[in-house]
Every structure is written in structure tokens, then in C-alpha cells.
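Read in UniProt numbering, the sequence shown has 79 at position 79, and its numbers run on one by one without any break.
First up is the structure itself, then whatever we jot down about it.
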Amino acid sequence: MAGHFPPAAELTTSGRPVLIPNEIECSILSSVDLECDELPSFPLLKSGIIILTTHRIVWISDSTNSAVAVPLAAVNHILSSKKSIKSMFASPRVRFQVSVPSGGISRSAVITIVIRGKGDHEVFVSKFWENWRARAWENDDNNKDSSSSSASGPTSTGSGGLYSSEGTVRMVGVAGILRKEQEMWENTDKSLQEAFQDLNALMSKAKEMVMLAEKMRQKLLAGTNSQSGSTNDDEVASKEEIQDWLLSVGIISPVTKESAGALYHQQLSRQDK
1 MAGHFPPAAE LTTSGRPVLI PNEIECSILS SVDLECDELP SFPLLKSGII ILTTHRIVWI
61 SDSTNSAVAV PLAAVNHILS SKKSIKSMFA SPRVRFQVSV PSGGISRSAV ITIVIRGKGD
121 HEVFVSKFWE NWRARAWEND DNNKDSSSSS ASGPTSTGSG GLYSSEGTVR MVGVAGILRK
181 EQEMWENTDK SLQEAFQDLN ALMSKAKEMV MLAEKMRQKL LAGTNSQSGS TNDDEVASKE
241 EIQDWLLSVG IISPVTKESA GALYHQQLSR QDK
């Protein structure tokens, strides 16, 4: 049904979008409307934050804890904006065409992003084109198909009688009970070993976090002392190094000044893994 488009998006308790596997945030703008005159059931989406990712366009309401998402896979075309004297004084608009399921068939509709805030809309449009052409969601689908093929294989069903499905002799009577108890203790011992391994890994990760905090503190102190003599190359190398540190502790899609702009500090405070 067209009334379900765009679908709702899940948010964290801090109001950030819950990312799907391999999804990365690329650009964020504030004070944005979503409009679609061609779909009568299209909801009223006024004054929200829009987040462009590698897989979706997520719109989050400023007034309510609600969000919707337009999958980039549903986008058929990004329409070029017309340059005119009137457009120079109006809010920037980004128009794109999507396929909307309706009654078992798909129909086309044009959605307009109205940017009323002060963000860099040209960077947003550039990233929009880049992500749509990259089609990262198709790589995810291919990976799922290969995983399903490798996991599937010939299966066999067990049968009653003396032999089990693996062809071994079934243990019955007292010997079977003792054997079953032995297997239970072995499984318990294995589970305890795995639990201790997970605990050790968690403690190791905590040590890495402490080391990371110290490295970043030292980096900031060094950057402050040598700020006057720094070059663009040094800044780029520093950003890449900090990005590597964040990835090493599991933050896959960190909020950056480039993606969030004026919303950097607000979105950084909500950053979770």
C-alpha cells in the first residue's frame, strides 16, 4: 500500500537512527521538510533532521520521537535542479523520483527535500548522487545470497531403531544415561570456557579504551602546541588516525564535522555503537 510509504525508521533512546548492517552516515542537515504532492497519503513531514546514509534517507522529527526512511534502492532518478533568479532567494530543493508499491504494482512519485536550514546542501546533493550510484545495498544482498548457499547442504533425518542418523550405535539403558550425563558435563565445561574467554576479551577491550583515551589526549595536546605550524596534510593524517582508533573500538559510523556540520556536537553527544 502507498500509505505505508515512506516506512517508519527505528530510533535509539537518544533519538539517533538504528543503522542496518554495513550502513554508514554520510551527511546531516537540519530544518528540512519532505514533500510529495503526487501521493495523497504522504505524511506531513515538516522541520526535521535529515540523515543521508549509504543505504537510506532518514528523516527525524524535531518535535516527536518519530522517523521515516526512504531506501535508496527505491530511488529511480535524482532530478537536476533548475537555476533561476527565483531559486537564488528560495530555500534549496532536492527532487528525486521513487518507485512506490501500490496494489501489487509500482507507481512513480517525486519527493522534494526542502532545505530551510543553513547546512551545505551542495555537499548533501553530491553525497546523494555518490551513494545512489554506489548501490551499497546490492553488495549486502549478494553477501546474504552467498551465505545462504554455503550454509545450505544435504540434510538427513533421524530414524528410530538401533542406529542414529549419523550411523553410530544408539546408547540405550544405563549406558545411554551415563553417556548423556557425560555429554552434558562436557557442554557445560565448554560453555564456561567460552564465557571466560568473552570476559577476557571484554577486559582487553577496556584496556584498549583507556589507551585510546590517552592517545587522543596526547594528540590533542600536541595539536594545540603546534597549531600555528600545522599543515593540511597533517590535519588529514590526524583525522585518518582518529578514524582508525574509533573503528578499532567498534564505532563503525562515527559522527564527523564533515557529515554533521553545524549539528556536529549535538549528534556526537548521541553517538552510540
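Idealized CB from N, CA, C, for every residue including glycine.
Please report the Cβ distance between residue i and residue j, rounded to the nearest whole angstrom; I am assuming they are in contact, meaning their Cβ atoms lie under 8 angstroms.
{"i": "S30", "j": "G119", "result": "6 angstroms"}
{"i": "V75", "j": "F96", "result": "5 angstroms"}
Among the options, whose alpha-carbon lies nearest the alpha-carbon of residue i?
{"i": "V49", "options": "D33, F42 and E38", "result": "Note that residue 49 is Ile in the sequence shown, not Val. Here the closest residue by C-alpha is D33."}
{"i": "P6", "options": "I115, A109, I177 and K82", "result": "A109"}
{"i": "W133", "options": "I78, G117 and I177", "result": "Correcting the residue type first, residue 133 is Arg in the shown sequence and not Trp. Here the closest residue by C-alpha is I78."}
{"i": "A73", "options": "I57, S80, T64 and E181", "result": "I57"}
{"i": "K71", "options": "Q218, K46, H121 and R135", "result": "The residue you asked about is not Lys; residue 71 is Pro in the sequence shown. Nearest of Q218, K46, H121 and R135 to P71, Cα basis: R135."}
Going by beta carbon distance, what residues of the same chain come within less than 6 angstroms of residue i, once the five residues before and after it are set aside?
{"i": "D140", "result": "N22"}
{"i": "P101", "result": "none"}
{"i": "L263", "result": "I28 and S30"}
State the Cα-Cα distance for the pair residue i and residue j, rounded to the nearest angstrom.
{"i": "V94", "j": "I113", "result": "5 angstroms"}
{"i": "G104", "j": "A90", "result": "38 angstroms"}
{"i": "L44", "j": "S259", "result": "26 angstroms"}
{"i": "W59", "j": "K215", "result": "36 angstroms"}
{"i": "M198", "j": "W185", "result": "What sits at residue 198 in the sequence shown is Asp, not Met. If you take the alpha carbons of D198 and W185, they lie about 20 angstroms apart."}
{"i": "A9", "j": "I24", "result": "15 angstroms"}
{"i": "R107", "j": "K207", "result": "54 angstroms"}
{"i": "F196", "j": "S61", "result": "44 angstroms"}
{"i": "V98", "j": "N142", "result": "23 angstroms"}
{"i": "L19", "j": "Q267", "result": "14 angstroms"}
{"i": "T188", "j": "K180", "result": "12 angstroms"}
{"i": "Q182", "j": "N200", "result": "27 angstroms"}
{"i": "T64", "j": "K190", "result": "48 angstroms"}
{"i": "I115", "j": "E194", "result": "51 angstroms"}
{"i": "residue 303", "j": "E138", "result": "Outside the modelled stretch of the chain, which goes from 1 to 273, sits residue 303, for which no answer is possible."}
{"i": "S81", "j": "L202", "result": "51 angstroms"}
{"i": "G15", "j": "K219", "result": "31 angstroms"}
{"i": "P40", "j": "P92", "result": "23 angstroms"}
{"i": "K46", "j": "H4", "result": "18 angstroms"}
{"i": "L178", "j": "S66", "result": "57 angstroms"}
So, does the CB of residue i fall closer than 7 angstroms to a CB anywhere in chain D?
{"i": "C26", "result": "Protein chains in the displayed structure number just one, and chain D is not present."}
Given residue i, which residues of its chain have a CB within under 8 angstroms of its CB, disregarding the five upstream and five downstream residues?
{"i": "N36", "result": "It is Cys, not Asn, that sits at residue 36 in the sequence shown. F42, A109, V110, I111 and T112, listed in sequence order."}
{"i": "L192", "result": "none"}
Only counting the same chain, and skipping five residues up and downstream in sequence, which positions put a Cβ closer than 7 angstroms to that of residue i?
{"i": "S27", "result": "L52, V123, F124, K127 and S259"}
{"i": "E38", "result": "A109 and V110"}
{"i": "G261", "result": "I28, G119 and D120"}
{"i": "N131", "result": "C26, L52, T54 and L72"}
{"i": "G161", "result": "Its pLDDT being 49, under 50, G161 is placed unreliably in this model, and the coordinates cannot settle the point."}
Evaluate the contact criterion for the region 35-52 versus the region 118-132: three or more CB pairs, one atom per stretch, below 8 angstroms.
yes
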